[in-house]
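Undergrad: Dropping a structure here in structure tokens format, bear with me for questions.
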Amino acid sequence: MADQALPPSPRQAPERTEIVSSGPEPPGTSAPRSTLYLSVAWVSAALVPVAIIAGRAASIAFLNARGYPRSVAEPAGLGLAAFGLIALIVLVPTISAVWFGLAASRDGRRGGLAAAVVAGVVGCGLVLLGLPLFLSRVIGWPLVLVIGAALAALVATAVSRRRR
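So the sequence shown is numbered by the working numbering: it starts at 875 and just counts up by one.
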């Protein structure tokens, strides 16, 4: 008789059920949210090359509208605005692909990380490689090379300290 569970009496409080988050979806499950994140990440990654072309076209149109054809060197402030326009247009799909790719990756979709890396390398690489070209027109190549060497030395120092 002692082994049998007795029904709870009306005076006893019922046991509380704790709600626990299940965490990320296990790999291989097709959760609608992670599928949506993965799709948005790859579409955004595919739009990065389109954004590069659109940003360059918008930059040229911007400078032409202000009376500076491609053969004439534009003032530094106008060049900065044109570079900022390209960077903005390129970084919108890049950031979107990285954001949604990492979200899909956290939900267990491996392809999300690939989309984030591809878009991040292409989009951010274009902006980071375009920055010295812009700065060379404003402050000259020698100073750009000195700044680049200093940044490379800082990165190398940080990496070597991290490995210790």
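No residue lacks a Cβ here, since even glycine has one placed at the ideal position from N, Cα and C.
Can you round the beta-carbon distance between L1000 and P967 to whole angstroms, since I take them to be within the 8 Å contact cut?
TA: Looking up residue 1000 in the sequence shown gives position 126. Looking up residue 967 in the sequence shown gives position 93. That pair is no contact at about 12 Å.
Undergrad: Just confirm the distance between the C-beta atoms of Y911 and A990, as a whole number of angstroms; I'd bet it's less than 8 Å.
TA: Against the sequence shown, residue 911 aligns to sequence position 37. Against the sequence shown, residue 990 aligns to sequence position 116. With a Cβ gap of about 10 Å, Y911 and A990 do not count as contacting.
Undergrad: Can you find the residues in the same chain that come closer than 7 Å, C-beta to C-beta, to R1036, ignoring five residues on each side of it along the sequence?
TA: Locating residue 1036 in the sequence shown gives position 162, counting from the first residue. Excluding positions up to five away in sequence, the list is empty.
Undergrad: Note down the Cα distance separating V972 from I927, rounded to an integer number of angstroms.
TA: Taking the first residue of the sequence shown as 1, we reach residue 972 at position 98. Taking the first residue of the sequence shown as 1, we reach residue 927 at position 53. If you take the alpha carbons of V972 and I927, they lie about 20 Å apart.
Undergrad: Under a Cβ-count criterion, where at least 16 other Cβ atoms within 10 Å of its own Cβ denotes burial, should L1007 be classed as buried or exposed?
TA: Position 133 of the sequence shown, counting from 1, holds the residue named residue 1007. Exposed, by the Cβ-count rule.
Undergrad: Between G985 and the rest of its own chain, which residues show a CB-CB distance below 6 Å, the 5 nearest in sequence each way excluded?
TA: Walking along the sequence shown from the start, residue 985 turns up at place 111. Only L912 meet the Cβ criterion.
Undergrad: Classify L1017: buried if its beta carbon has 16 or more other beta carbons within 10 angstroms, exposed otherwise.
TA: For this step, residue 1017 is matched to residue 143 along the sequence shown. Looking at its Cβ environment, which holds fewer than 16 other Cβ atoms inside 10 Å, L1017 is exposed.
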